[in-house]
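Enquirer:
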Ligand code: ADP
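In the numbering used here, the protein residues as written are 8 to 234.
Given below as C-alpha cells:
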C-alpha cells in the first residue's frame with residue numbers, strides 16, 4: 008500500500024562496480040515511512056547511508072526495484088517529473104546549512120516559495136510562521152553570518168520545509184553542533200514534524216537523538232534493518 012507512505016523503497020538494488028568487484032550496497036532493500044513518522048538512519052561509515060538518501064531524494068536511480076514518494080513510483084518518470092517531485096515533495100537538510108549569506112533568514116525561507124510561484128505576501132507569511140515554529144522569529148531579519156550554528160540549522164530546516172514537502176531527508180543535521188544545541192534544534196524539528204505531519208529520514212550518529220525518534224534503522228548486508 009504505497010499510497011499511504013511518504014516514502015517507500017521496494018526491493019531496491021544499488022550496486023557499485025569497483026574494478027572487477029561488485030559492491031552491493033543495497034540488495035533488495037525495503038523501507039516504508041508513514042506520514043508523521045521520524046526515522047533515524049544509524050550505520051557506520053561506508054554502510055550506504057548517503058546512497059540511501061540519494062535514492063530516496065531521487066538524486067540517483069536504483070539498479071533495481073523502485074522508490075515511491077507519496078505513492079508515486081518514481082523509476083519510470085522523466086527527469087523533469089522527478090525534479091518536480093524532488094522540488095515539491097522532498098526537503099533536504101545537510102550537516103552544513105548552505106544558506107545564502109547575503110539574504111536574511113526570512114528571505115532564505117521565502118526564496119524556494121517564490122521560485123515555486125507563490126506571491127511575496129504568501130511567502131512572507133509562511134516563512135514568518137516557520138521561523139516561529141523553529142523558535143527563531145526574533146532573528147528573521149538577520150543574515151546567516153550573524154546567526155549561531157544552531158540558529159543557522161533552524162533556518163535551514165525551515166527552508167527545507169518551506170514548500171510543505173511530504174518528506175524531509177536530513178544528513179546529520181545537528182552533526183556540527185554541541186550536544187545541548189543539537190538537542191534544542193531537534194526539539195524544534197520534532198515540534199515541526201508533529202504540527203505538520205511531515206515524515207523524516209534522518210542520518211545521525213547521535214544516539215540520544217536517534218533514541219527520541221519513532222524508529223531506528225540501519226543498513227547491513229544490503230538490507231535495511233531495525234537498528
Ligand atoms: P555512508 O554514507 O554510509 O558512509 P556511502 O553510501 O557513501 O556510505 O557508500 C557506501 C559504499 O559504496 C562505500 O563502500 C563506498 O565506497 C561505495 N560507493 C559510494 N559511491 C560510490 C561510487 N560512486 N562508486 C563506487 N563506489 C561507491
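Note that CB positions come from ideal geometry on N, CA and C, so glycine has one too.
Just so you know, these numbers come straight off a predicted model, no measurement behind them.
Do three or more CB pairs link the region 41-48 to the region 195-206 at distances below 8 Å?
Expert: yes
Enquirer: Go ahead and pull the three-state DSSP assignment for residue 206.
Expert: strand
Enquirer: Within 10 Å of its beta-carbon, does residue 64 have 16 or more other beta-carbons around it, so buried, or fewer, so exposed?
Expert: buried
Enquirer: From residue 136 to residue 154, what does the alpha carbon distance come to, in whole angstroms?
Expert: 19 Å
Enquirer: Less than 7 Å between the CB of residue 232 and some heavy atom of the ligand ADP, yes or no?
Expert: For the ligand ADP, not one heavy atom lies less than 7 Å from the Cβ of residue 232.
Enquirer: Just mark residue 196 as buried or exposed, buried being the case when its beta carbon has 16 or more other beta carbons within 10 Å.
Expert: When all chains shown are included, residue 196 counts as buried.
Enquirer: When you measure from the CB of residue 102 to every non-hydrogen atom of the ligand ADP, does any distance come out below 7 Å?
Expert: no
Enquirer: For the ligand HEM, which residues have a Cβ under 6 Å from at least one heavy atom, in chain order?
Expert: Ligands displayed in this structure: the ligand ADP; the ligand HEM is not among them.
Enquirer: On a CA-only basis, which of 183, 118 and 113 is nearest residue 140? Give me that one, please.
Expert: 113
Enquirer: Considering only residues of the same chain and omitting the five flanking positions on each side of residue 58, which have a CB-CB separation below 8 Å?
Expert: Excluding residues within five positions, the ones whose Cβ falls inside 8 Å are 21, 32, 33 and 67.
Enquirer: Would you mind listing the beta strand (DSSP E) stretches within the region 35-90 that are 3+ residues and don't spill past its ends, in chain order?
Expert: 45-48 and 71-76
Enquirer: Flag this pair as yes or no: are the beta carbons of residue 37 and residue 60 separated by less than 8 Å?
Expert: Contact: no.
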